[in-house]
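Asks:
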Amino acid sequence: MDTNLIFTIVQIVAVAIIPLIVWWLGIRWQKNKAKDDAKRTLFFALMANRKITPPNKEWVDALNTIDIVFQDNKKVRKAWREYYDSLDERSQYNKDSNSFKLDLLSEMANALGYKDLKQTEIDRFYSPKYFANVQNSQNALTSELIRVLAHSKSYAESFSDEEYIVHREELERQIP
């Protein structure tokens with residue numbers, strides 16, 4: 254066979270195959286990037302909300318996706334299981350729940366390449382007094398609203414003392 258013919262065949266094959274290889278590599282890179290982005294987004298959500306009391310929905314949602322997002326990391330999933338177990342009020346580890354949370358966040362940080370992030374740094378959290386004051390005001394307003402509504406037949410008419418006692422007993426029977 255002529256060397257020019259062989260060279261031409263190799264060029265044709267290369268022109269046909271190289272775009273497919275580049276496409277395949279691009280798809281793999283996008284999948285890996287999407288997985289890494291999901292891990293980082295989850296980690297950032299947990300870090301941003303790690304000390305909010307009571308826990309908000311974003312924190313709970315993030316915790317509930319750890320098994321999916323970090324499915325390929327046994328250390329993170331083990332740390333999540335241990336933290337999850339410590340959240341049970343009947344658990345002997347409940348009082349150490351914060352330590353398990355720090356372990357979880359530390360494992361996630363290591364998995365994402367934040368090797369120099371110490372647990373003491375993870376535990377440090379800034380929350381201005383203003384936020385606590387707003388939360389306390391909201392709690393006070395809610396309590397007062399419940400008190401007023403519990404003492405009222407409607408927005409315009411209050412219960413008598415006897416009616417209130419009966420109404421309160423009915424409310425207490427309804428609350429589990």
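Take the working numbering: the final residue in the sequence shown is number 429, and no numbers are missing along the way.
The beta carbon of each residue, even a glycine, is placed where N, CA and C say it ideally should be.
Note that this is a predicted model, so its numbers are computed, not measured.
1) Mind listing, in chain order, the continuous alpha helix (DSSP H) runs of no fewer than 4 residues lying wholly within the region 325-399?
2) Look at the Cβ atom of L358, then the Cβ atom of I319, and state whether they are nearer than 8 angstroms.
3) Could you check how far apart the C-beta atoms of E311 and N302 are, in whole angstroms? I think they sit under 8 angstroms.
4) Would A364 and F323 qualify as a contact pair, given that the criterion is a beta-carbon distance under 8 angstroms?
5) Decide if S339 is buried, meaning its Cβ has at least 16 other Cβ atoms within 10 Å, or exposed.
6) For L399, count neighbouring Cβ atoms within 10 angstroms of its own Cβ and tell me buried if that reaches 16, exposed if not.
7) Runs of 3 residues minimum, wholly inside the region 296-324: which ones carry the beta strand (DSSP E) assignment?
8) Using alpha carbons as the reference points, say which of M361, Y417 and L394 lies closest to D289.
9) In the DSSP assignment, find the unbroken alpha helix (DSSP H) run with D414 in it and report its ends.
10) Less than 8 angstroms between the CB atoms is what I'm expecting for L424 and A403, so what's the real figure, rounded?
11) Using 8 angstroms as the threshold, is the C-beta distance between E201 and D356 below it?
12) Measuring CA to CA, which of E416, R343 and K304 is closest to S380?
13) Whole angstroms are fine: how far does the CA of K286 sit from the CA of A332?
Replies: On the basis of the coordinates in this document:
1) Segments of the alpha helix (DSSP H) lying fully in the region 325-399: 327-340, 350-364 and 372-376.
2) No. Outside cutoff.
3) In this structure, E311 and N302 form a Cβ contact; the two beta carbons are roughly 6 angstroms apart against a cut-off of 8 angstroms.
4) Cβ atoms of A364 and F323: closer than 8 angstroms.
5) When all chains shown are included, S339 counts as buried.
6) Note on residue identity: the sequence assigns Ile, not Leu, to residue 399. Flag for I399 reads exposed.
7) Here no run is fully enclosed.
8) Ranked by how close their Cα comes to the Cα of D289, the residues M361, Y417 and L394 have M361 in first place.
9) That run of the alpha helix (DSSP H) goes D414 to Q427.
10) Sure, about 6 angstroms apart at Cβ, within 8 angstroms.
11) Examination of residue 201 is not possible in this model, given that the chain is present from 254 through 429 alone.
12) Per the Cα distances, K304.
13) Approximately 24 angstroms, taken between the alpha carbons.
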